[in-house]
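*Asks:* Below is a structure I'd like to ask you about.
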Amino acid sequence: MEKPETEKHGGAMDEKVCLITGATSGIGKATAMGLASMGASVVMVGRDRSRGEAALAEIKEKSANASVDLMLADLSSQEQIRRLADEFKEAYPQLDVLINNAGLFRSKRITTADGLEMTFAVNHLAYFLLTKLLLGVLRASASSRIVNVSSGEQRNGTINFDDLQGEKGYTGAKAYSQSKLATVLFTYELARRLEGTGISANCLHPGGRVPVRTNFGSGVSGVFGVMVRALRPLMISPEKGAETSIYLVSSPKVEGLSGRYFVKKAEARSSDVSYDERIARRLWEVSAELTNLPVKTCNQTLPFPGRE
Ligand SMILES: NC(=O)c1ccc[n+]([C@@H]2O[C@H](COP(=O)([O-])OP(=O)(O)OC[C@H]3O[C@@H](n4cnc5c(N)ncnc54)[C@H](OP(=O)(O)O)[C@@H]3O)[C@@H](O)[C@H]2O)c1
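What follows is the structure, given as structure tokens:
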């Protein structure tokens, strides 16, 4: 089968190794498909073996690219994130692209095996921990790119340091918008800490004015669930939703750009609070504590993995 033209997305990915979380459905799966079609070696991360294997087989067949791999990890478990990072590092000496994409919405507060609130754990702490654990292999590549999938909902978010885990007052919307603001704050802080290393870090909203038609929110009850189901016919396709992620990791146009927020492949302004460096530093420190990473190392300007 003929490979799709790489120019379609703006850059050849033949030599690149890309790891994508949440690659079993929706935007992540479409991103994995897009990158595999551009010739990249793609490592899909999923939490469910049968969903993962089905997506893997489909992507291999449709992209005509055999260099697609599946690794399993439930990203709500820090132990599994650590095992995933080890498994990846054993199999691959370098990483050119890391896309933290997995995400969820929970109307009711539930906790993870680590005792953390689920939305904050999966949508923020998993991005933080996986990125930190993979910085060594990201540095092994001449220039590598980290992309974190946020949401337009970051605009409605506040970081409530007195109740990050939603123990005092939980609503799904509050937890989700806080986690997506955390993604933006984390990306900007990461970009500052990675300055001069050749690793870029950017984040994005995958939709536009309308959401992307994925499994997101499909099993959710309450107002959010009703809204998601009502909007479904108007939503854009997962392929369209994956365009900005693919653009950010493949296009020469964004080479060297770091610490930015994108919507529809264009740089956009995120919420005012997302630019607050004190909040970003504090969130970094709390995230390091909650993921049992040495806070001191995380505070260093350049988080060289060898220093731990
Ligand atoms: N859809 C939109 O309009 C929209 C808008 C703004 C932002 N986003 C963001 O886009 C990202 C992708 O969402 P989507 O719309 O493509 O939704 P989706 O179809 O539900 O995909 C979410 C992915 O995350 C994975 N995931 C969820 N919890 C996980 C866990 N504990 N461990 C490992 N993987 C887990 C899911 O795995 P399973 O297949 O096993 O469930 C799935 O692959 C999310 O970060 C979301 O917040 C989406």
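Final position of the sequence shown in the numbering used here is 316; the numbers increase by one with none missing.
For every residue, glycine included, the Cβ atom is placed at its ideal position computed from N, Cα and C.
Note that this is a predicted model, so its numbers are computed, not measured.
In terms of residue numbering, what span does the alpha helix (DSSP H) encompassing Leu64 cover?
*Replies:* That run of the alpha helix (DSSP H) goes Arg57 to Ser71.
*Asks:* Should Thr127 be labelled buried (16 or more other beta-carbon atoms within 10 Å of its own) or exposed?
*Replies:* Per the 10 Å Cβ criterion, buried.
*Asks:* Give every residue of the same chain whose Cβ lies closer than 7 Å to the Cβ of Gly36, excluding the five residues on either side of it in the sequence, and list them in chain order.
*Replies:* Closer than 7 Å at the Cβ level, and outside the excluded window around Gly36, lie Ile28, Thr29, Gly30, Asn109 and Ala110.
*Asks:* Is the beta carbon of Leu189 sitting closer than 7 Å to the one on Val145?
*Replies:* No, these two residues do not count as a Cβ contact at 7 Å.
*Asks:* Could you check what DSSP says for Met79 in three-state terms: helix, strand or coil?
*Replies:* If DSSP states are grouped into helix, strand and coil, Met79 belongs with the strands.
*Asks:* Within a Cβ cutoff of 6 Å, which residues of the same chain sit near Thr120, ignoring the five residues on either side of it in sequence?
*Replies:* Once the five neighbours on either side are set aside, the close Cβ partners of Thr120 are Ser84, Met126 and Ala129.
*Asks:* Measuring alpha carbon to alpha carbon, tell me which of Leu106, Gly216 and Ala72 ends up nearest Glu251.
*Replies:* It is Gly216 whose Cα lies nearest to the Cα of Glu251.
*Asks:* Just to confirm, does Asp56 get its C-beta within under 6 Å of one of the non-hydrogen atoms of ligand 1?
*Replies:* The answer is yes for Asp56.
*Asks:* Quick test of the definition: if touching needs 3 or more C-beta pairs under 8 Å, does the stretch 133 to 143 touch the stretch 164 to 177?
*Replies:* Taking 8 Å as the limit for Cβ pairs, the verdict is that the stretch 164 to 177 does not touch the stretch 133 to 143.
*Asks:* Quick check for students: name the residue ranges of the beta strand (DSSP E) that lie wholly in the stretch 87 to 134, counting only runs of 3 or more.
*Replies:* List check, beta strand (DSSP E) in window: 105 to 108.
*Asks:* Taking just the CA atoms, how far does Met52 sit from Ala93?
*Replies:* Rounded to whole angstroms, Ala93 to Met52 spans 13 Å at the Cα level.
*Asks:* What would DSSP say about Ala276, mapped onto helix, strand or coil?
*Replies:* It is a strand residue.
*Asks:* Are three or more beta carbon pairs between the stretch 72 to 80 and the stretch 41 to 57 nearer than 8 Å?
*Replies:* With the cut-off at 8 Å, the stretch 72 to 80 and the stretch 41 to 57 touch.
*Asks:* What does the alpha-carbon distance come out to for the pair Glu98 and Ala238?
*Replies:* If you take the alpha carbons of Glu98 and Ala238, they lie about 45 Å apart.
*Asks:* Give me whichever residues DSSP pairs with Tyr269 in a beta bridge.
*Replies:* BP columns for Tyr269 point to Cys211 and Ala276.
*Asks:* Going by DSSP, what residues sit across from Asn156 in a beta bridge?
*Replies:* Answer by DSSP bridge pairing, in chain order: Asn108 and Cys211.
*Asks:* Can you tell me where the alpha helix (DSSP H) with Leu27 in it begins and where it stops?
*Replies:* Here Leu27 belongs to no alpha helix (DSSP H); instead the beta strand (DSSP E) covers Val25 to Thr29.
*Asks:* For Gly8, does the three-state DSSP call read helix, strand or coil?
*Replies:* With the chain covering only 9 through 316, there is no way to say anything about residue 8.
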